[in-house]
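Engineer:
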Ligand SMILES: [Zn+2]
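In our numbering, the protein residues as written are 2 to 256.
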């Protein structure tokens, strides 16, 4: 009885504290309405990537080129995955959200990111059999305390009622941090850095997988993961990221 009272008391205390501290914008901490994670002006600072997009790269088209249309970049250099989508362009505002999530463990940021990804990737989510996050090397996992891609995959799994497995892929060696590397160096850095755990092979053979990451820059990491999954028997691999770097060559990227 005493315990029940204290649970009830704690609940009403929580409700009271919620009432005292209305929800705040993730980025600027201004009050927001309802369960919105961003205020209107921060929301408007995001550049959402809407259809029509290149089916293979998820990059925006100026005009609707029809279902499944590919950009010149995707035709010139087809990626090892099938389809890709991203929710927003990687810019000042989306970078702040990623940083909150990645380096300050703000779970609210992860939820907001996953919600936007579920919108941009709804068809990919509907078509997949299993959601697979890009893995972190163990040391980095420990240092940052969690794998942000795995958390995004978990949120997406709940949202779309699709299974996810966080341990399909593993990193074979400590890859150097990608910060400050050229596209070529990034490619070398991640090549053959991934492997499918032998016990997970039966779960991916002949299956449609959705590979999840927070930011797609050059796509070197996702390429390496997608090739590894296909080599291990996956029938198809689609890619869903929160943010896309649309012009890698022209941006100074500090992940
Ligand atoms: Zn705001």
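Every residue gets a Cβ at the ideal spot worked out from N, C-alpha and C, and that includes glycine.
#1: Assign residue 156 to buried or exposed, taking buried as 16 or more other Cβ atoms, counted over all protein chains shown, within 10 Å of its Cβ.
#2: Please check if any C-beta of chain D sits within less than 7 Å of the C-beta of residue 224.
#3: Just reading off the alpha helix (DSSP H) that residue 109 is part of, what are its end residues?
#4: Are the beta-carbon atoms belonging to residue 169 and residue 91 less than 7 Å from one another?
#5: So residue 89 and residue 152 are supposed to be a Cβ contact under 8 Å. How far apart are they, rounded?
#6: Between the alpha carbons of residue 87 and residue 200, how many angstroms are there, rounded?
#7: Within 10 Å of its beta-carbon, does residue 36 have 16 or more other beta-carbons around it, so buried, or fewer, so exposed?
#8: Around the C-beta of residue 214, are 16 or more other C-beta atoms found within 10 angstroms, so that it is buried, or is it exposed?
#9: Starting from the C-beta of residue 159, find all residues in its chain whose C-beta is less than 8 Å away, skip the five residues before and the five after it, and write them out in chain order.
#10: Compute the beta-carbon to beta-carbon distance between residue 62 and residue 70, rounded to the nearest angstrom, for a pair I have assumed lies under 8 Å.
#11: Could you tell me which whole beta strand (DSSP E) segments of length 3 or greater appear in the segment 14 to 95?
#12: Let me know if residue 180 comes out buried or exposed under the rule of 16 or more other beta-carbons within 10 Å of its beta-carbon.
#13: Per the DSSP calculation, residue 242 is bridged to which residue(s)?
#14: Using only the alpha-carbon positions, how far apart do residue 102 and residue 108 sit?
Structural biologist: According to the structure shown:
#1: Around the beta carbon of residue 156, 16 or more other beta carbons lie within 10 angstroms, which makes this residue buried.
#2: Considering every chain present, this structure includes no chain D. It has just one protein chain.
#3: 108 to 121
#4: no
#5: With a Cβ gap of about 18 Å, residue 89 and residue 152 do not count as contacting.
#6: For residue 87 and residue 200, the gap between their C-alpha atoms comes out near 30 Å.
#7: exposed
#8: buried
#9: none
#10: Residue 62 to residue 70, Cβ: 7 Å. Contact.
#11: 85 to 90
#12: exposed
#13: 87 and 214
#14: 6 Å
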